[in-house]
Amino acid sequence: MIRHYHTIRDLIAEYKSGNKTVEDTIIETFDRIDKVENKVNAFILTLKNEAIQRAKELDKTLKKSGRKTKGKLFGIPIAIKDNICFKNYPTTCASKMLENYIPPYNATVIKKLLDEGAIIVGKTNMDEFAMGTTCESSYFGVTHNPWALDRVPGGSSGGSGAALASGEVPLALGSDTGGSIRCPASFSGVVGLKATYGLVSRYGLIAYACSLEQIGPMATNVSDCKDIFDVIVGNDPMDSTTISKEEMEQYLKKSFKDFPNSKGKFTFGIPKELLGEGIDPEVKKSVWDAIKLLEDLGGSYEEISIPSIDYSIACYYIIAMAEASSNLARFDGIRYGFRSEDKGNWNEVFANNRLAFGKEVRRRIMLGTYALSAGYYDMYYLKALKLRTLLIQEFEKHLKKFSFLICPTMPILPFKLGEAVNDPLTMYLADICTVPINITGLPALSIPCGFSQGLPIGLQIIGNYYEEYKIFQIADLYEKNAHTKNTFPKI
Amino acid sequence: MSRQELEQLGIKIGLEIHIQLTKLKTKLFCGCNADYRDMPPNTYVCPVCLGLPGSLPSVNKKAVEFAIMLGLALNSKISNKTLFYRKNYFYPDMPKNFQISQYNKAGGVPIALGGQMILKFKEYDKRINITRLQLEEDPGRISYDGTILSSPIAYIDYNRAGITLIEVVTEPDFETPEEARIFLQKLRSIVEHLGIADLSLEGSMRCDANISLYGKNRVEIKNISSYKDVQAALNAEIIRQKNIYKHGGEIKQETRHWDSDKKRTFTLRTKEEEQDYRYFPEPDLLPIEISSEMITSIEENMPELPDDRINRFIKEYKLPRYDAEVLVITKSLADFYEDVVKKYQKPKEVSNWIMSDLMRHLNTLNIEINDSKICADDFIELLNLIDKGTISGKLAKRILQLMMESGKKPMEIAKEKGLLRINDLKKIQEFINKVFNTQPKAVSDAKKDPKAIHFLVGQVMKLSNGRCDPQITNKLIKEALNKI
């Protein structure tokens, strides 16, 4: 089984040496999917025949080329969150609205993955339109946390997290608007990165809140996570918000002279707002254990304060819902998507078709519409933008001084199924550690740092803009010493 | 209504003009071909202009350049940083149910602000202030089987969706419908001189007008499609509002629709039904930085503008200002004029011909010179034929009309219709003999009074359909009278 390999690099080495074929891997992958999927429900769509077909082709090219391959993800199965467009296959956003929507084009990240030899094995479950923290608002049913099937896997990229944790796939893509990669990474005990805003093309990602979100890598270890990141990062002429090639070369450095310094030392800050009140004691304990380990590894920390964090939930939800209300306006059932009976005038037709949206999506559209309405715009949206500027300044100040900031990814252990879904406020508040990262556009990675009651806990490592490789470096060091690599539940 | 009458009504008119930048090869936010006219529906589309889920816009740099050119031509201040905003409203012609546009409030900065245009009238000059210029995308087109109410189906064609529009907004500085018309004509001429659009294309220039009388409520009129329409629509609206006022009624703040067939405006929506567009900055596009170097380089490469061309016509061709202005306000006409003058160097004569006969025929046919069947070379040939005496000036006017209708060459028409001038003495004498035989009274009058000779010459011209050379005819009649 694939999870017997330490990293995908090992797996690719096996292909090259001829010990294993890509087809073997894909067959094993689907054996595993067949075995656990009825318990986990990580996928909305699996593409067995297509994957096997592609595996055979890759095996042929491998043979022809004398077992040489350049693809960084050659023959590696990968699961894709179902809000990323994969040409000619349904991309549903886990919504009744797009149940039968088939995109006629590939997202830029999909092209990049395919160019590097990856094999897409399926589309993973998520909260409807990526709006949620539990993966329970999917039209296609809930996904179960492989560590405890009565718990949520985290959201919104819960399917990707669960598919990794249950050993169905070694790699997955998620998207992160307010924590949607890091939350399931934390709850499902895997590694996930939200990159600096503008590093990964959003072309083909069905938008929830465009100024906040990035597609990002998820894996069972840091090395694999970094390998997908390498593939998907880069300027895209189709996405104006990606940074230019020149900027990419200038800013996205792979090595850091002063990190760790010549004596192997580094510093990090701990925002007290994210490790104090409101954080589950078990989570706190795990994170402090991780901090101690980082100290042993040469780190020294200071407790710091980022006061604006207290307003970040409000700021995030105003911006996200405002953008969502506009982004989701296109789903009117006229050109594609759910179409009710055509009755009445245009507005009535729209309204009937838009009944296909679930409760949470409707709630966010309505709140966002309200926040942008005449008379409220200044009060909500503009204020949120001001807070955004403030938060950026506060984070930048500390990130100039420290190599990282460390905090929990989620303030709590995974919810029980059904526990939070009808209590939106509790659910929103659980995003306290992750949303500041989307508001500021900073990069942050979640890595497993322990368990409580058999439930995984995630550590969040926040870096300065474009310092993803520094984050990978420390995460790799931590992972090696904490022995958290490739830990799987019994399922 | 005279200008004085109109002045008493306290009219204030502001215009919002949408111009398609038809000289762009691609749409505003995607690579789709922008030359969509006459194409089968929904063939010039892609995920971006169809607003398919996950697609993102990227700005056409040339569109920004074109907008800067127009801003400079209207003396506007070009913004050094401009932003796109989303205008949110539900309608099936907008595939995203929002339009990517620009905004001047809520932190928005349009591509150019301020500016003015001077309109010259016989009695006065008028300065019209420009409020702003902004870039935005055109929606698709909806059509019905018959009327909107009776049609069981609505057809939507997204070929037009995403076409670049530049919106020019003016201050409410117009005081007569005529001023509004001249402004649109001049704006069109500027746009065409800049080479950023061909506004003879159907639907390429659309105008909304805001109008208030007596300082009362403002009414917006939509669906005005040309400079001719603007005057008619405003006149109709002035009469409507004047009547309401006269009978003590209230002029409601509302949006009205101009019906150019019925020649009147209809209520579209009242103030209460006005939409809240929930403008906010487009998060998928970064602000566009416009450096002063970029502006300078565009400025240095600007083509000749109408005002400069008018002055050149006055200087180079010694035309009266009036002639120059009439020609240049329609770029295609000014181009035609210069094509002719290049090879036929009697500028004032050419101008006379164009301004009288040619323009009259164009008006009658309701077409523009580019759509007419006449070309500069044929027109030159016509003028040469007059000079050579092959045709008379009077017959040339008829031939010109036939040229414009048929597209045939002047000589061909003259031969075909027997319109060549008759110089042959024998033939002219035959016509004279016929007149002398049938009009003995006139002949004897002419013998007594030399002034009456003109009548006889006229009779000969009439009989010969104006073909006889008048000088020769005159001479021969005198000789014939002397012989009697």
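Sequence order for the protein chains is H and Y. Residues in the first sequence are numbered from 212 upward in steps of one, following the working numbering. Residues in the second sequence are numbered from 9 upward in steps of one, following the working numbering. Note that the Cβ used here is the ideal one computed from N, Cα and C, for glycine as well. Please read these numbers as outputs of a predicted model, since none were measured by experiment.
Query                                                                                                                                       : Result
Closer than 9 Å at the beta carbon, the chain Y residues around tryptophan 189 (chain H)                                                    : Any answer about residue 189 (chain H) is impossible in this case: the structure gives chain H only from 212 up to 702.
Burial state of threonine 178 (chain Y), where buried means 16 or more other Cβ atoms lie within 10 Å                                       : buried
Other residues of its chain near glycine 156 (chain H): CB distance less than 6 Å, five sequence neighbours each side excluded              : Nothing about residue 156 (chain H) can be reported from this structure: the residues present for chain H run from 212 to 702 only.
Euclidean distance between Cα positions of aspartate 221 (chain H) and glutamate 327 (chain H)                                              : 16 Å
Under 7 Å (Cβ pairs) to chain H, residues found in the region 269 to 297 of chain Y                                                         : Asp284, Arg286, Phe288, Pro291, Asp292, Leu293 and Leu294
For alanine 114 (chain Y) and serine 380 (chain Y), the rounded distance between their alpha carbons                                        : 48 Å
C-beta atoms of tyrosine 639 (chain H) and threonine 407 (chain H) nearer than 7 Å                                                          : no
Coil, strand or helix - aspartate 133 (chain Y) by DSSP                                                                                     : strand
Assigned exposure category for glutamate 282 (chain Y) - 16 Cβ within 10 Å defines buried                                                   : exposed
Any 3 or more C-beta pairs closer than 8 Å across the region 533 to 542 of chain H and the region 88 to 108 of chain Y                      : yes
Per-residue burial, glutamine 16 (chain Y) [other beta carbons within 10 Å of its own, 16 or more giving buried]                            : exposed
Closer than 8 Å at the beta carbon, the chain Y residues around isoleucine 545 (chain H)                                                    : Pro100 and Ile164
Leucine 391 (chain Y), enclosing alpha helix (DSSP H) - first and last residue                                                              : 384 to 396
Span of the beta strand (DSSP E) around tryptophan 499 (chain H)                                                                            : Unbroken run through tryptophan 499 (chain H) is the alpha helix (DSSP H), 492 to 507; no beta strand (DSSP E).
Chain-order list of residues whose beta-carbon lies under 8 Å from that of glycine 397 (chain Y) (same chain, five-residue window excluded) : Arg429, Asn431 and Asp477
Neighbour flag for arginine 574 (chain H) against chain Y, beta carbons, 7 Å                                                                : no
Alpha-carbon to alpha-carbon, threonine 263 (chain Y) and tyrosine 253 (chain Y)                                                            : 18 Å
Alpha-carbon to alpha-carbon, serine 305 (chain Y) and lysine 723 (chain H)                                                                 : Lying before the first or after the last residue shown, residue 723 (chain H) is absent from chain H, which here runs from 212 to 702.
Residue from H:Lys246, H:Leu636 and H:Ile223 whose Cα sits closest to the Cα of threonine 236 (chain H)                                     : H:Ile223
Reduced DSSP category for leucine 489 (chain Y) - H, G, I as helix; E, B as strand; rest coil                                               : helix
Buried or exposed (CB count within 10 angstroms, at least 16 for buried), proline 647 (chain H)                                             : buried
Phenylalanine 351 (chain H) vs alanine 305 (chain H) beta-carbon contact at 7 Å                                                             : yes
For aspartate 153 (chain Y), the nearest candidate out of Y:Ile161, Y:Pro147 and Y:Ile480 (CA to CA)                                        : Y:Ile161
Contact check, serine 377 (chain H) vs isoleucine 702 (chain H), beta carbons under 7 Å                                                     : yes
Whole-Å CB distance - aspartate 435 (chain H) paired with isoleucine 219 (chain H), under 8 Å assumed                                       : 5 Å
Nearest-angstrom Cα separation, counted from valine 572 (chain H) out to glutamate 679 (chain H)                                            : 32 Å
Glycine 223 (chain Y) versus Y:Val348, Y:Lys250 and Y:Glu424, residue with shortest Cα-Cα distance                                          : Y:Lys250
First through last residue of the alpha helix (DSSP H) which encompasses valine 320 (chain H)                                               : 319 to 326
Chain Y residues whose Cβ lies nearer than 9 Å to that of proline 709 (chain H)                                                             : Because chain H is modelled from 212 through 702, residue 709 (chain H) falls outside the range shown and cannot be assessed.
Whole-angstrom C-beta distance between threonine 335 (chain H) and cysteine 394 (chain H), which should lie under 8 Å                       : Incorrect: roughly 14 Å between the Cβ atoms, too far for contact.
Reduced DSSP category for alanine 217 (chain Y) - H, G, I as helix; E, B as strand; rest coil                                               : strand
Collapsed DSSP secondary structure at methionine 212 (chain H) in the structure displayed                                                   : Low local confidence applies: a pLDDT of 45 at methionine 212 (chain H) is under 50, so the model's placement there is unreliable, with the coordinate-based value given in what follows. Residue state, collapsed to three classes: coil.
Start-to-end residues for the alpha helix (DSSP H) that takes in leucine 222 (chain H)                                                      : 219 to 228
Of the listed residues Y:Asn96, Y:Ala42 and Y:Ala404, nearest to tyrosine 287 (chain Y) (C-alpha basis)                                     : Y:Asn96
Selection from H:Phe549, H:Gly403, H:Ser371 and H:Ala318 that minimises the alpha carbon distance to histidine 355 (chain H)                : H:Ser371
contact_flag[the region 29 to 39 of chain Y, the region 260 to 280 of chain Y] where n(CB pairs < 8 Å) is 3 or more                         : no
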